[in-house]
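Notes follow the structure.
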Amino acid sequence: MRECISIHIGQAGIQVGNACWELYCLEHGIQPDGQMPSDKTVGGGDDAFNTFFSETGAGKHVPRAIFVDLEPTVIDEVRTGAYRQLFHPEQLISGKEDAANNFARGHYTTCSPRLSAVSTDVVSCNVSLSHTNPY
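Counting from 1, one number per residue, gives the positions in the sequence shown under UniProt numbering.
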């Protein structure tokens, strides 16, 4: 089976990504807390959603996604929104300040620690921590 990892970066990426994951949940019958009603579980038909979601030992479906922004406001909207229980906290990576529309500042100073964390997660496919951490 193929697996897709979605990476949502910046304000627009996070807002579009949040809307996409809400739509994916609606399309596949996954509730905002990641649970799937029992009538749609194993053997209940199409399990194509496993390409985009990983299932924890507790039966919770977690998106294979990470959200990254230097400024925490937009990611805080995801953390407090209707689908806040869908995402693992380690999937929501934010800084404490933005780059103030200055590429050099963002690229060389504020972004460096976040970029290495994202790179490590993606390379090691450690984005879906749900297999080892059912939180």
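Virtual Cβ for every residue (Gly too), placed ideally from N, Cα, C.
Computed from a predicted structure; not experimentally measured.
For residue j and residue i, the rounded distance between their alpha carbons
i     : j     : result
ALA65 : GLY81 : 16 angstroms
HIS28 : PHE49 : 7 angstroms
ASP47 : TYR83 : 21 angstroms
PHE52 : GLY34 : 12 angstroms
THR56 : PRO32 : 15 angstroms
GLN15 : LEU86 : 15 angstroms
THR41 : GLN91 : Note on THR41: pLDDT 48, under 50, position unreliable in the model; no value is reported.
VAL74 : LYS96 : 12 angstroms
GLY13 : GLU77 : 13 angstroms
GLN11 : ALA19 : 12 angstroms
ARG2  : HIS8  : 20 angstroms
GLU22 : PRO89 : 17 angstroms
Per DSSP, cross-strand counterpart(s) of residue i
i     : result
ASP76 : Per DSSP, none; premise fails for ASP76.
ASP69 : SER94
VAL62 : SER54
Residue environment, residue i, which counts as buried when at least 16 other CB atoms sit within 10 Å
i     : result
ASP69 : buried
PRO37 : exposed
PRO63 : buried
GLY59 : exposed
CYS4  : exposed
Beta-carbon proximity check, residue i vs residue j, cutoff 9 angstroms
i     : j     : result
SER54 : PRO72 : no
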